[in-house]
Amino acid sequence: MRIFLAGDHYSGTGPANVTGYYIENLPKGTLYQKMRSKPVRAFEIILNTLRSDVVVYSGYSRQNIFGLKLAKLLKKPSAYIMHGCVEYENAINLEPDERMNLVERQTMELADSVIAVSKRFCSWLKDHYPMYREKIDYVTNGIDEDLAPTADEGKTRDGHLIYSIGGGMPRKKIKYICEAVKILRETYDPELFLCVIGAFGADSKEIESYDFVDNRGLVNHKESIGLFRKAALFVQNSSFETFGLAPVEALACGCPILCSKEVGALELIDNLQSEDIIENYEDPDEIAGKIRYNLEHPNVGRLFAGLKQESHSWKERSRVLESKLSELVLKK
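For any residue, its number in my numbering is found by taking its place in the sequence shown, counting from 1, and adding 18.
Written as structure tokens, this is what we have:
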């Protein structure tokens with residue numbers, strides 16, 4: 019069976035990184051996109067679809083419509099790896115876009131299988147898109163085998179630094195982390211501060227209104243990793259997070275974590291406790307209490323030990339994806 023895996027694998031975004039890991043770990047001979055100009059990419063899609071037994075489109079793109087229609091015309095089975103839900107995420111980020119919504123819905127309609135990147139996201143998709151329920155499945159994202167705990171024992175960490183990623187996107191709920199830090203500065207540690215990275219969004223001005231917030235905007239991956247190595251705690255308070263690799267990266271850098279229950283990547287960790295999880299991402303008092311607990315009782319050793327690294331290596335995840343694609347080929 020020859021696979022054609024289409025999609026961005028070079029931009030450094032989460033979905034692009036996932037696509038790159040699959041390219042590295044799927045069987046030798048797997049075809050993928052190498053060209054970046056649109057006209058050449060279209061020719062590449064035609065050629066690789068003809069040469070393959072099954073086509074897979076990874077991530078949102080308008081090219082998916084052309085590619086999936088071509089696959090249907092050529093009677094090639096197809097799958098769409100869905101990393102997020104553009105329609106829902108744009109709505110909660112206060113940036114609705116009907117054109118993008120249409121592309122996403124057409125992609126789901128045309129694909130023979132829609133593959134979510136976590137079990138939680140799979141369940142969510144089935145509830146919100148019941149018309150596609152029978153073809154929605156999941157392959158949970160993998161863990162980079164190069165991730166390993168550092169020798170850092172807290173000596174170089176700033177005990178006052180709380181770190182979060184997501185910028186001003188409302189779905190990241192960082193403004194509630196701000197409120198929690200404000201509570202803790204008044205009742206626990208007056209030197210506590212919050213460092214935020216990520217794109218400007220609808221909540222950015224409110225986040226920046228707090229004088230204890232260091233809002234750095236978009237930064238490169240090296241700087242982000244540096245913050246994981248320096249922070250006393252990483253907090254991910256998302257209301258919707260289909261996967262989210264950041265908590266796993268934090269643990270690998272020796273940084274304790276606190277995440278909302280909506281973070282899909284939590285299903286990779288076996289030994290979670292109630293203090294590790296935010297139940298109500300809009301409750302500053304709960305968030306404040308759990309930040310304080312995790313500052314006083316760092317969870318990094320326990321949670322890193324609970325990571326399902328062997329069963330969720332990219333090699334194993336690629337094997338699972340290949341198995342599901344084989345089933346599609348047999349059905350055609």
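Just so you know, even glycine gets a beta-carbon here, dropped at the ideal spot from N, CA and C.
Given a cut-off of 7 angstroms on the beta-carbon distance, is the pair residue i and residue j in contact?
i, j, result
"M137", "Y106", "Strictly speaking, residue 137 in this sequence is Lys, with Met absent from that position. Contact: no."
"E132", "Y150", "Rather than Glu, the amino acid found at residue 132 in this sequence is Val. Their beta carbons are under 7 angstroms apart, which means V132 touches Y150 by this criterion."
"I287", "L346", "no"
"L284", "C277", "yes"
"I14", "Q327", "The structure shown has nothing for residue 14, since the chain only spans 19 to 350."
"E297", "V281", "no"
"L44", "S336", "yes"
"A198", "I305", "yes"
"L251", "V72", "no"
"A89", "V74", "no"
"G25", "S70", "no"
"N238", "V36", "no"
"V9", "F261", "No answer is possible for residue 9: the residues shown for the chain start at 19 and end at 350."
"S222", "G186", "yes"
"L128", "L86", "yes"
Return the Cβ separation of residue i and residue j in integer angstroms, given the expectation that the two are a contact with Cβ distance under 8 angstroms.
i, j, result
"I63", "F84", "7 angstroms"
"A217", "L245", "Not quite, the Cβ-Cβ distance comes to about 16 angstroms (not below 8 angstroms), so this is no contact."
"L212", "I195", "6 angstroms"
"Q254", "S182", "7 angstroms"
"D303", "L321", "Actually they do not touch by this definition, with Cβ atoms about 24 angstroms apart."
"K279", "P95", "About 35 angstroms separates the two Cβ atoms, so there is no contact after all."
"L202", "I309", "6 angstroms"
Nearest to residue i by CA position, among the options, is which residue?
i, options, result
"P316", "S344, E116, A60, A249", "A249"
"R9", "G219, V214, E209, I225", "As shown, the chain starts at 19 and ends at 350. That puts residue 9 outside it, with no answer to give."
"Q81", "K56, L65, S70, N66", "K56"
"S319", "L343, D207, V266", "Rather than Ser, the amino acid found at residue 319 in this sequence is Gly. Here the closest residue by C-alpha is V266."
"E113", "P188, E204, V231", "P188"
"I154", "T174, T125, L179", "T125"
"G32", "E42, G102, P45", "G102"
"I21", "G47, A34, A306, V36", "G47"
"R54", "Y39, R69, S29", "S29"
"Y299", "T205, K190, K144", "K190"
"D301", "K240, K200, K350, K223", "K200"
"D164", "E152, A270, M118, K193", "A270"
"N66", "L49, E226, R123, E241", "L49"
"S79", "E314, A34, L68, I243", "A34"
"P333", "I41, E224, D232, K87", "As written in the sequence, residue 333 is Lys, which differs from the Pro given in the question. For the residues I41, E224, D232, K87, the minimum Cα distance to K333 belongs to I41."
"F257", "L263, I192, S242, T205", "First, the amino acid is wrong: residue 257 is Ser here, not Phe. S257 has its Cα closest to that of I192, out of L263, I192, S242, T205."
"G14", "D115, L263, L91, G307", "Nothing about residue 14 can be read from this structure; the chain reaches only from 19 to 350."
"A323", "E340, N289, E224", "N289"
"R175", "A268, V104, E340", "A268"
"Y311", "M118, L143, Y206, H146", "Y206"
"R247", "E116, G177, E340, D232", "G177"
"L91", "D130, E116, N119", "D130"
"P208", "K93, V104, L179", "L179"
Could you tell me which residues DSSP puts in a beta bridge with residue i?
i, result
"C277", "Q254, I295"
"E259", "V281"
"V73", "F22, S96"
"Y156", "A134"
"C213", "Y181, D232"
"D176", "A249"
"S242", "Answer by DSSP bridge pairing: none, since S242 is not bridged."
"S79", "Beta-bridge pairing links S79 to no other residue."
"S227", "None; S227 has no bridge partner."
"Y150", "DSSP output for Y150 lists no bridge partner at all."
"S429", "Not covered by the structure: residue 429. The range shown for the chain is 19 to 350."
"Y50", "L23"
"I287", "L325"
Is residue i near the ligand NAP, going by C-beta to nearest heavy atom under 6 angstroms?
i, result
"A24", "With respect to small molecules bound, the structure shown includes none, and the ligand NAP cannot be examined in it."
**Any beta strand (DSSP E) of 3 or more consecutive residues that is wholly inside the region 313-347** = Listed in chain order, the beta strand (DSSP E) elements of length 3 or more contained wholly in the region 313-347 amount to none.
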